[in-house]
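J.:
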Amino acid sequence: MAVKQEDVVLAFKLYNLAMQALLRALESSGSTLDEVRASVDAEEGKFFDQNQRRIDELKARQ
Amino acid sequence: MNTEGIMIPGLLERIVGTVIRTLLAPVFTILTAKGYITESDSAQLIIEIGVTAVAVIWGVWSKYKDVILIHLGLKMQTGSTYDQLKNEARDGKSLSAINKTNVLIPLLLVGVLGLSACGGDAAKKTEEAIRKVYIGLQAASESVEILNRDGKLSDARALQAYGSLNKIGAGTKQFKEAIRSLGAITPENKGGLIEKLDLIIAQIDLARKNDLIGISVDAVAKIELNYELAKAGFISLKGLIAAVKKPVPVRELPALAELNPSRLPSLKYYAYEPGPDCKQSKQSNSRFEFQVSCNPFSGYLASHGARN
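The listed protein sequences derive, respectively, from chains V and C. Number 52 in our numbering belongs to position 51 of the first sequence; there are no gaps in the numbering. Number 124 in our numbering belongs to position 85 of the second sequence; there are no gaps in the numbering.
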């Protein structure tokens with residue numbers, strides 16, 4: 002029973018994450034081309050920084 | 040209410056939020072009664088999911104209204120004003136002339152697959168497609184972290200997944216820089232761009248196949264949406280570029296090509312329903328295919344194994 006409880010909560014966490022991503026994807030990122038490009042560069046930087054941080058944390062644990 | 044920058048009228052939020060929470064409450068009552076979740080988890084999850092669902096519905100509805108305006112605008116004479124367009128939109132006869140199903144289905148696909156249906160400069164659309172890819176990759180990376188933290192994914196597998204995501208991100212960055220450096224996309228240079236996009240799409244598919252092995256199929260289904268979001272951004276870009284027949288300045292790529300449903304990929308969703316009375320079934324419409332399977336691994340194998 003405890004295992005199923007964790008699985009259900011995990012499923013909802015992942016679903017919520019997917020929906021949050023969908024929300025951010027739906028919204029506009031700016032009104033001019035330069036604003037949109039700046040937003041793209043910001044999202045790119047955020048992705049690489051977060052991904053690398055996670056890799057570094059994992060390697061530090063090993 | 041402001042969810043990630045989307046302003047939702049307060050009254051609408053209260054109405055829709057109440058409806059969503061009312062619909063969800065019986066589901067959570069059953070899950071709590073069976074002991075799958077505790078009451079405190081239930082209360083928190085209802086709030087979180089209700090808030091998210093309200094914002095998603097509002098976001099899709101806003102985009103639907105934008106797409107209606109785009110379709111009407113395309114039918115009006117050059118030089119028409121925005122006020123004339125809005126008057127046309129208020130006119131029921133004009134709206135009925137647009138097949139709303141044809142608008143709604145690609146819009147829902149656009150929303151789900153991450154393609155933007157806002158009007159505006161075509162170069163902006165290209166950049167927004169790339170932005171959606173990065174949002175999908177961020178969510179995929181966070182999904183891996185959640186699964187690793189919850190013990191569903193080993194450290195080694197998580198590292199492999201992060202590595203795959205880094206490769207996809209690097210390919211995306213190369214494509215972004217290539218497209219920004221081009222003054223125009225021509226029939227001569229578009230082949231090279233399409234090759235770059237094909238490589239990235241193949242990397243996404245390979246990452247989906249290799250990095251999700253060993254994870255429960257329920258978790259896989261939740262992560263799939265993030266991969267689809269990223270992949271769909273590239274497929275939409277590919278469609279835009281493939282449509283180029285004569286030299287086109289990057290700023291003037293065909294703006295509405297992605298609204299053509301035939302350019303959009305179809306989605307397949309797999310659901311696992313356990314139980315002695317499980318019956319396999321299949322439902323589909325023109326764009327979505329839903330497969331209910333009694334085998335917990337059939338959905339995953341069918342969506343990945345056949346391809347490679």
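Glycine included, each C-beta is placed from N, C-alpha and C at the ideal position.
Classify Asn123 (chain C) as helix, strand or coil using the three-state DSSP reduction.
T.: Mapped onto the second sequence, residue 123 (chain C) falls at position 84. At residue 123 (chain C) the sequence reads Gln, which differs from the Asn that was named. Three-state result, Gln123 (chain C): helix.
J.: Rounded to the nearest angstrom, what separates Glu44 (chain V) and Ile174 (chain C) at their Cα positions?
T.: Looking up residue 44 (chain V) in the first sequence gives position 43. Looking up residue 174 (chain C) in the second sequence gives position 135. The alpha-carbon atoms of Glu44 (chain V) and Ile174 (chain C) are separated by roughly 7 Å.
J.: DSSP on Glu227 (chain C), reduced to helix/strand/coil?
T.: Position 188 of the second sequence, counted from the start, is the residue given in the question as residue 227 (chain C). Coil at Glu227 (chain C), not helix or strand.
J.: Which bits of chain V does Glu184 (chain C) rub up against, with CB to CB less than 7 Å?
T.: Translated into positions along the second sequence, residue 184 (chain C) becomes position 145. Result: Arg55.
J.: Label Arg247 (chain C) either buried or exposed according to how many other C-beta atoms from any shown protein chain fall within 10 Å of its C-beta, with 16 as the threshold for buried.
T.: One-based indexing of the second sequence puts residue 247 (chain C) at position 208. Arg247 (chain C) should be labelled buried.
J.: Output yes if chain D places a C-beta closer than 9 Å to the C-beta of Lys277 (chain C); else output no.
T.: Note that chain D does not occur in the displayed structure, where the protein chains are V and C.
J.: If we count Cβ pairs, one from each stretch, closer than 8 Å, do we get three or more for the segment 197-212 of chain C versus the segment 28-35 of chain V?
T.: At 8 Å Cβ cutoff, the stretches do not touch.
J.: Which of helix, strand or coil does DSSP assign to Glu181 (chain C)?
T.: Walking along the second sequence from the start, residue 181 (chain C) turns up at place 142. Reduced to three states, the DSSP call for Glu181 (chain C) is helix.
J.: For Thr77 (chain C), does the count of other Cβ atoms within 10 angstroms reach 16, so buried, or fall short, so exposed?
T.: The residue you call residue 77 (chain C) lines up with position 38 of the second sequence. By the 10 Å Cβ count, Thr77 (chain C) comes out exposed.
J.: The alpha helix (DSSP H) that contains Leu204 (chain C), what's its start and end?
T.: The count along the second sequence starts at 1 and reaches residue 204 (chain C) at position 165. Counting along the chain, the alpha helix (DSSP H) containing Leu204 (chain C) begins and ends at 194-220.
J.: Taking C-beta to C-beta, are Ile185 (chain C) and Leu15 (chain V) nearer than 9 Å?
T.: Against the second sequence, residue 185 (chain C) aligns to sequence position 146. Against the first sequence, residue 15 (chain V) aligns to sequence position 14. Yes. Within cutoff.
J.: Using a 10 Å radius around the Cβ and a threshold of 16 neighbouring Cβ atoms, would you call Ile69 (chain C) buried or exposed?
T.: Residue mapping note: residue 69 (chain C) aligns to position 30 of the second sequence, counting from 1. Exposed.
J.: What did DSSP end up calling Thr77 (chain C) once you bin it into helix, strand or coil?
T.: Taking the second sequence and counting its residues from 1, one reaches residue 77 (chain C) at position 38. It is coil, neither helix nor strand.
J.: Roughly how far, in whole angstroms, is the beta-carbon of Leu276 (chain C) from the beta-carbon of Leu236 (chain C), given that I think they are within contact range, below 8 Å?
T.: In the second sequence, residue 276 (chain C) corresponds to position 237, counting from 1. In the second sequence, residue 236 (chain C) corresponds to position 197, counting from 1. Right, the Cβ-Cβ distance comes to about 6 Å (below 8 Å), so this counts as a contact.
J.: Just to make sure I have the definition right: I need the residues of chain V whose C-beta is within less than 8 Å of the C-beta of Ile233 (chain C). Which are they?
T.: As a position in the second sequence, residue 233 (chain C) is number 194, starting the count at 1. Going along chain V, no residue has its Cβ under 8 Å from Ile233 (chain C), so there is no contact; the nearest lies around 20 Å.
J.: Do you know how far the Cα of Glu58 (chain V) is from the Cα of Leu232 (chain C)?
T.: Stepping through the second sequence from its first residue, residue 232 (chain C) is reached at position 193. Stepping through the first sequence from its first residue, residue 58 (chain V) is reached at position 57. Each residue's alpha carbon lies about 35 Å from the other.
J.: Among C:Ile240, C:Ser203, C:Thr225, which has the Cα closest to the Cα of Asn52 (chain V)?
T.: By one-based count along the first sequence, residue 52 (chain V) stands at place 51. Ranking C:Ile240, C:Ser203, C:Thr225 by Cα distance to Asn52 (chain V) puts C:Ser203 first.
J.: Report the residues of the segment 198-214 of chain C with a CB closer than 8 Å to any CB of chain V, ordered along the chain.
T.: Listed in sequence order: Leu198, Tyr201, Gly202, Leu204, Asn205, Gly208, Thr211, Lys212.
J.: Alpha carbon to alpha carbon, what distance is there between Gly74 (chain C) and Arg54 (chain V)?
T.: By 1-based counting over the first sequence, the position of residue 54 (chain V) is 53. By 1-based counting over the second sequence, the position of residue 74 (chain C) is 35. Each residue's alpha carbon lies about 36 Å from the other.
J.: From what residue to what residue does the alpha helix (DSSP H) around Lys47 (chain V) run?
T.: The residue you call residue 47 (chain V) lines up with position 46 of the first sequence. Counting along the chain, the alpha helix (DSSP H) containing Lys47 (chain V) begins and ends at 34-62.
J.: Just the Cα atoms here: how many angstroms apart are Leu34 (chain V) and Lys191 (chain C)?
T.: Locating residue 34 (chain V) in the first sequence gives position 33, counting from the first residue. Locating residue 191 (chain C) in the second sequence gives position 152, counting from the first residue. About 41 Å.
J.: Between the alpha carbons of Phe214 (chain C) and Ala22 (chain V), how many angstroms are there, rounded?
T.: Locating residue 214 (chain C) in the second sequence gives position 175, counting from the first residue. Locating residue 22 (chain V) in the first sequence gives position 21, counting from the first residue. So the two alpha carbons sit approximately 22 Å from each other.
J.: Which class does Glu7 (chain V) belong to by DSSP, given the choice of helix, strand or coil?
T.: The residue labelled residue 7 (chain V) in the question sits at position 6 within the first sequence. Note: Glu7 (chain V) maps to helix in three-state DSSP.
J.: With DSSP as the reference, label Lys248 (chain C) as helix, strand or coil.
T.: Translated into the one-based positions of the second sequence, residue 248 (chain C) becomes position 209. It is helical.
J.: Does Ile169 (chain C) get closer than 9 Å to chain V when you measure Cβ to Cβ?
T.: Your numbering for residue 169 (chain C) matches position 130 in the second sequence. Yes, because at least one Cβ of chain V sits closer than 9 Å to the Cβ of Ile169 (chain C).
J.: Measure from the C-beta of Leu143 (chain C) to each C-beta in chain V and report whether the shortest distance is under 9 Å.
T.: Residue 143 (chain C) sits at position 104 when you count from the first residue of the second sequence. Because Leu143 (chain C) carries a pLDDT of 45, less than 50, the predicted location of this residue cannot be relied on, and the following value inherits that uncertainty. Taking Cβ atoms only, chain V never reaches closer than 9 Å to Leu143 (chain C), which makes this a no.
J.: Count the other CB atoms, across all protein chains shown, that sit within 10 Å of the CB of Lys163 (chain C); report buried if there are 16 or more and exposed otherwise.
T.: Position 124 of the second sequence, counted from the start, is the residue given in the question as residue 163 (chain C). Buried.
J.: Thinking C-beta only, is Ile240 (chain C) closer than 9 Å to Ile218 (chain C)?
T.: Within the second sequence, numbered from 1, the residue matching residue 218 (chain C) stands at position 179. Within the second sequence, numbered from 1, the residue matching residue 240 (chain C) stands at position 201. Contact flag unset, no.
J.: If we cut at 9 Å on Cβ distances, does Leu15 (chain V) have a partner in chain C?
T.: Counting from one through the first sequence, the residue named residue 15 (chain V) turns up at place 14. Yes, because at least one Cβ of chain C sits closer than 9 Å to the Cβ of Leu15 (chain V).
J.: Rounded to the nearest angstrom, what separates Ala296 (chain C) and Val41 (chain V) at their Cα positions?
T.: Taking the first residue of the second sequence as 1, we reach residue 296 (chain C) at position 257. Taking the first residue of the first sequence as 1, we reach residue 41 (chain V) at position 40. With a pLDDT of 34 at Ala296 (chain C), under the threshold of 50, the predicted position of this residue should be treated as unreliable, though the coordinate-derived value follows. Cα-Cα distance, rounded: 21 Å.
J.: Residues in its own chain within less than 8 Å of Phe48 (chain V) by CB, not counting five upstream and five downstream?
T.: As a first step, residue 48 (chain V) is located in the first sequence; it is residue number 47 there, counting from the start. Closer than 8 Å at Cβ, skipping near neighbours: no residue.
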